[in-house]
Each structure stands twice: as C-alpha cells, then as structure tokens.
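1 is the number of the first residue of the sequence shown in my numbering; add one for each residue after it.
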Amino acid sequence: RLPNGKTNLKELADMATAHVVEEGEVVMDSLGQMKKLSKWAVFENEVIHRCYAWWMIGVLTDHYMRCAIDSDANNHFYPYCTALARKAVAPWSEMVIRSFGNDQDLFGFIMLGAYQDSRPASTGGKPKVNLGLKDLFVFLVYMAMALPFPQIFHFIFRDLAWPKDWGVLANGDYRPAPTNEWGWQYMQVNSYTSDHRWYLGMVFSARVFLEIGERLQIPGWLQGILATIPCLLPDQMFEGGEYSFDVCEGESAKTQQTYVMFTFSWLYRNFGDGCAIYLRWVAWYFAFYVWCFHYLRPIVGKLSHRLPKGATWSAAALGCSMMIGVLMAMFHYPNNVLENGTGMEWVWLELGADILQPALFVLGMTYVPFNLAWWGNTTLGSYVFHFYFRDSVAVWVMSMSNGLTWDKSGILVIVMVMSICLGFTTFFGPIGHYVLLSPTLLYARLKRVAARRANQARQCSQ
1 RLPNGKTNLK ELADMATAHV VEEGEVVMDS LGQMKKLSKW AVFENEVIHR
51 CYAWWMIGVL TDHYMRCAID SDANNHFYPY CTALARKAVA PWSEMVIRSF
101 GNDQDLFGFI MLGAYQDSRP ASTGGKPKVN LGLKDLFVFL VYMAMALPFP
151 QIFHFIFRDL AWPKDWGVLA NGDYRPAPTN EWGWQYMQVN SYTSDHRWYL
201 GMVFSARVFL EIGERLQIPG WLQGILATIP CLLPDQMFEG GEYSFDVCEG
251 ESAKTQQTYV MFTFSWLYRN FGDGCAIYLR WVAWYFAFYV WCFHYLRPIV
301 GKLSHRLPKG ATWSAAALGC SMMIGVLMAM FHYPNNVLEN GTGMEWVWLE
351 LGADILQPAL FVLGMTYVPF NLAWWGNTTL GSYVFHFYFR DSVAVWVMSM
401 SNGLTWDKSG ILVIVMVMSI CLGFTTFFGP IGHYVLLSPT LLYARLKRVA
451 ARRANQARQC SQ
C-alpha cells in the first residue's frame with residue numbers, strides 16, 4: 001500500500017506483468033529440445049519463425065538461381081543471378097528475385113540466432129553459452145554435409161542431387177565429376193556439393209570462442225573487439241587479400257600427405273584450389289555473431305520502450321526493409337566484403353545495409369497475423385539439404401522460363417521461382433529436418449518411457 005493507505009496499483013501491475021512473463025508453456029525448439037518458455041519468449045519465437053520462414057526462401061532463391069555464385073576469368077563474381085540472366089526473363093524479374101536473398105538473410109539468421117542463444121535462464125539473468133550436446137550435434141551435421149550426405153543423396157536421387165558444374169581446370173577445360181565419391185578425388189572438390197555448410201561451421205566456431213571467453217571471464221566488449229580485429233587487418237596479411245593458412249595449395253600440396261589434405265578439406269572447404277583454414281569474409285559473420293550475443297538483447301530491451309508501435313509502423317518497417325533490398329540489388333551487388341573479403345572501402349555500406357534491413361524486417365513481422373512455425377522451426381532441414389539439388393533446379397528454371405516468354409509482365413517467373421522454393425521449405429525441408437532430429441527425438445522418447453516405467457515401479461512397490 002501507499003503511505004496514504006491506498007492500494008499501490010502500479011506495484012500490483014508490475015507484479016502481474018512479472019507473473020505473466022515467468023509463466024509459460026513447454027515448446028520444442030528447432031533442435032528437438034523441449035523447453036519451458038515465458039509468454040514473452042513464446043511471442044519472440046513466433047516472430048522469429050516468421051522471419052526464418054522468409055529468409056530461408058531468400059537463401060534458396062540465391063542458391064538455386066546462382067546469384068553472385070559464378071565468376072569470370074578474373075575470379076570476380078557476376079553481379080546477377082546467372083540462371084535468370086537470360087533474354088527469356090525480364091531484367092526486373094531477375095532483380096526482384098535477387099533482392100530477396102543477398103547477405104542480409106544470413107545476417108538476419110545470425111541476429112535472431114544469437115538473440116535466442118543469449119536468452120537468460122531467468123528474467124534479468126546473464127546470458128550463458130552452455131556449450132554442449134547441441135553444439136556437438138551442429139558440428140556433426142556440418143561434417144556430414146560434405147560426407148556422407150552428398151553421397152547418400154546421389155545414391156537415392158541419382159543425378160538430380162549431384163552437381164552438373166565441377167569448376168574449371170587450370171588449362172581452361174571443364175573439370176569432370178569425380179569417379180570416386182569417397183576418396184581424395186571427391187574431397188578436393190567437395191564444396192561444389194556443400195559449400196553452404198560454412199554457416200554452421202561459423203556458428204559452431206563462434207560459440208566455442210564465446211565459451212572460452214566466458215570461462216576466462218573476458219568481458220563481452222573485449223570479446224567483440226578480439227573477434228573484429230582480424231577483419232580489419234591489411235590485405236597484405238592474407239593470400240590474395242582473402243584467406244590464409246592453406247595446406248592444400250602451391251608447393252606445400254606437392255609434399256603434403258593426402259590424408260592431411262583430405263582432413264583439412266573436410267574440416268573447411270575446397271573447390272579444387274585449396275582448403276584455407278581462415279577466410280576473411282567469414283570472419284565478418286563470426287564477429288557479428290559475437291557482438292549480437294552480448295549486446296543485441298540489451299539493445300532490443302532499451303529500444304522496445306522508445307520505438308513507435310502499431311500495425312502501421314510495422315508495415316512501414318517491412319516496406320523499408322524490402323526497399324533496401326531492392327536498392328542494394330540495383331546499385332551495389334554483390335557485397336564483396338561479405339563474399340570474398342575484398343572491397344573494404346564499401347564495408348560501411350554493406351554492413352550497414354545488412355544490419356538495418358533484417359532489423360526492420362523483424363519489426364515488420366511483429367504484427368503479421370500468421371503462424372509460420374512449420375516453416376520457421378524446420379529451417380535447419382531446409383538449409384542442410386536444399387543445396388544438393390541446386391544445379392538441377394537451376395536447369396529446370398532455365399527451361400521453364402523459356403515457356404513463359406509470353407508473359408511480358410515478368411510476374412510469372414517470380415511466382416515460379418518462389419513456388420519452387422516454397423515447395424521445398426514446405427515438404428522436403430521439414431522431412432529432412434525431422435530425419436536429422438530423429439536420434440534426438442528417439443532419445444527423448446526413450447527417456448520419457450524409462451521415467452514413466454520407473455514411476456510405475458515406485459507406485460507398485462508402495
């Protein structure tokens with residue numbers, strides 16, 4: 001009560017709010033783990049699922065349409081989606097599809113992934129890394145994405161799930177497909193089947209870095225600085241200004257044991273020209289994850305009380321996010337700093353756009369009245385398995401776009417591409433997701449059965 005004897009309504013409201021925040025429900029996360037979340041955390045997850053669902057579409061359009069994937073003789077990325085850069089496709093259709101993807105999708109995944117990972121066990125608590133079995137699972141999936149997943153998919157789906165492009169040899173001829181899918185002949189070009197796995201490797205490395213920092217009691221700001229310093233080193237510190245510590249190239253490869261190069265190519269990546277341990281462009285994503293883990297949740301907590309709210313503002317944020325994507329696709333594409341580590345003079349624009357665009361998109365998703373958990377909670381399966389069909393889908397799109405030349409508006413090409421990606425994330429991605437999680441789900445079920453039987457035994461003994 002107040003000093004005048006009246007009931008303190010503000011204190012009662014705060015107590016009620018705290019009670020609502022603490023009370024929650026048990027849900028399954030994207031890695032099959034059951035967690036009890038507060039009402040607010042449940043709302044956060046709903047927004048995250050909406051964002052993940054859309055960003056995964058962007059990842060698939062980028063990969064399937066080969067956007068900023070192919071390069072010229074000077075190893076410069078073509079600034080367009082090569083599967084759509086054809087007379088049969090309207091230029092604006094290719095540009096719109098290109099705007100759905102780009103690096104902003106991955107920055108969005110990092111932002112919300114780190115935001116979830118930094119969720120404290122209790123209100124007001126400090127975030128803990130809790131490196132454990134979940135991270136071991138991610139690492140094992142990362143390794144399996146290069147071997148044996150490609151071989152398994154090739155066996156089941158034949159050429160449908162096998163690259164059609166294996167790069168170019170030094171003499172300019174096209175490299176033939178490896179005849180041995182399990183040996184060094186395959187592993188030295190494994191990235192043509194699974195280059196997308198770098199993201200899981202980056203997340204795993206960042207979490208190990210955070211765990212080490214936590215155990216050594218290194219403050220968050222210092223961890224962020226340490227993670228960022230390698231990104232700012234001069235070009236002369238890296239081979240070609242892009243990478244370092246490569247045991248699979250040059251003279252070292254001539255005297256190196258095959259099993260050593262096989263192991264490093266499996267642990268990192270190899271397109272037939274090297275297996276560098278350190279990639280300058282990956283370091284930017286690594287550093288961004290570290291900063292987000294420590295400071296994104298506090299920033300959101302402060303801004304949530306100051307930013308305008310409402311459906312109108314949400315729609316405006318969503319529109320601005322899409323507009324940034326279109327402008328970047330039109331006037332600055334690709335983001336070389338985040339694709340190969342070069343072009344540092346544009347780092348301010350590329351990082352700024354890739355942070356602002358997904359941040360606005362999150363705000364736009366807060367008032368979307370749809371439950372997209374089916375798509376948002378199964379993005380791991382979609383991400384892991386979509387890449388194996390990349391070349392086949394690109395060929396399909398090139399063939400089908402020839403039959404849509406009568407549509408002068410170009411809308412049907414966009415609908416076709418989005419339908420293919422949505423079909424994968426609706427059916428094949430979730431199937432793959434739960435296949436990945438089947439050991440975890442089976443273990444959890446057996447654990448529940450064992451606990452129930454133990455409880456029944458205790459009751460019978462009484």
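All C-beta atoms, glycine included, are put in the ideal place defined by N, C-alpha and C.
If you're wondering where the values come from, they're calculated on a predicted model, not measured in any experiment.
For residue i and residue j, what's the separation of their Cα atoms in angstroms?
i: Leu279; j: His63; result: 20 Å
i: Val362; j: Leu318; result: 8 Å
i: Glu249; j: Gln257; result: 12 Å
i: Met145; j: Phe389; result: 13 Å
i: Cys231; j: Ile420; result: 36 Å
i: Pro120; j: Lys134; result: 17 Å
i: Ser438; j: Arg445; result: 10 Å
i: Trp182; j: Asp407; result: 45 Å
i: Lys254; j: Gly213; result: 38 Å
i: Gln459; j: Leu442; result: 26 Å
i: Gly224; j: Met344; result: 19 Å
i: Val47; j: Gly352; result: 22 Å
i: Ser205; j: Gln456; result: 44 Å
i: Leu136; j: Ile355; result: 29 Å
i: Val21; j: Ala329; result: Only weak support exists for where Val21 lies, its pLDDT of 47 falling under 50; the value from the coordinates is given anyway. If you take the alpha carbons of Val21 and Ala329, they lie about 41 Å apart.
i: Met416; j: Met365; result: 24 Å
i: Phe157; j: Tyr259; result: 29 Å
i: Pro178; j: Leu84; result: 28 Å
i: Asp173; j: Arg197; result: 27 Å
i: Lys126; j: Gly429; result: 34 Å
Would you kindly check if the distance between the Cβ of residue j and the Cβ of residue i is under 8 Å?
i: Val395; j: Lys87; result: no
i: Thr82; j: Asp70; result: yes
i: Met111; j: Cys292; result: yes
i: Gly272; j: Arg207; result: no
i: His332; j: Trp348; result: no
i: Met65; j: Val397; result: yes
i: Ala276; j: Ser244; result: yes
i: Arg98; j: Tyr78; result: no
i: Gly423; j: Val384; result: no
i: Arg269; j: Asp159; result: no
i: Pro150; j: Thr193; result: yes
i: Trp166; j: His154; result: no
i: Ala41; j: Gly376; result: no
i: Leu106; j: Tyr142; result: no
i: His49; j: Leu372; result: yes
i: Gly410; j: Ala90; result: yes
In three-state terms, what does DSSP make of residue i?
i: Tyr278; result: strand
i: Ala457; result: helix
i: Phe245; result: coil
i: Val449; result: helix
i: Glu211; result: helix
i: Val168; result: strand
i: Ala444; result: helix
i: Glu44; result: helix
i: Phe77; result: strand
i: Glu239; result: strand
i: Ser118; result: coil
i: Ser409; result: coil
i: Tyr367; result: coil
i: Tyr289; result: helix
i: Ser194; result: helix
i: Val21; result: Because Val21 carries a pLDDT of 47, less than 50, the predicted location of this residue cannot be relied on, and no value is offered for it.
i: Ser314; result: helix
i: Tyr174; result: strand
i: Ser71; result: strand
i: Leu112; result: helix
i: Asp273; result: coil
i: Ser304; result: coil
i: Tyr142; result: helix
i: Arg66; result: coil
i: Asn218; result: The question names Asn, but residue 218 in the sequence shown is Ile. Coil, per DSSP.
Taking residue i and residue j to be in contact with their CB atoms under 8 Å, please state how far apart those CB atoms are, rounded to whole angstroms.
i: Val247; j: Gly113; result: Not really, about 31 Å apart at Cβ, beyond 8 Å.
i: Glu211; j: Val129; result: 5 Å
i: Ser392; j: Thr425; result: Actually they do not touch by this definition, with Cβ atoms about 17 Å apart.
i: Ala463; j: Tyr367; result: Outside the modelled stretch of the chain, which goes from 1 to 462, sits residue 463, for which no answer is possible.
i: Glu239; j: Thr342; result: With 8 Å as the limit, Glu239 and Thr342 do not qualify as a contact, their Cβ atoms being about 12 Å apart.
i: Val138; j: Ala227; result: Contact flag wrong, Cβ pair sits at about 19 Å.
i: Leu296; j: Tyr115; result: 5 Å
Any contact between the stretch 318 to 325 and the stretch 90 to 110? By contact I mean 3 or more CB pairs, one from each, below 8 Å.
Touching, yes, given that three or more Cβ pairs across the two stretches are closer than 8 Å.
Below 8 Å, how does it come out for the stretch 273 to 287 and the stretch 332 to 343: are there three or more Cβ pairs, yes or no?
yes
Given 8 Å as the limit, is there contact between the stretch 258 to 271 and the stretch 175 to 191, that is, 3 or more CB pairs closer than that?
Contact annotation: the stretch 258 to 271 touches the stretch 175 to 191, with at least three C-beta pairs closer than 8 Å.
Taking contact to mean 3 or more Cβ pairs, one atom from each stretch, closer than 8 Å, check whether the stretch 296 to 308 and the stretch 352 to 361 are in contact.
no
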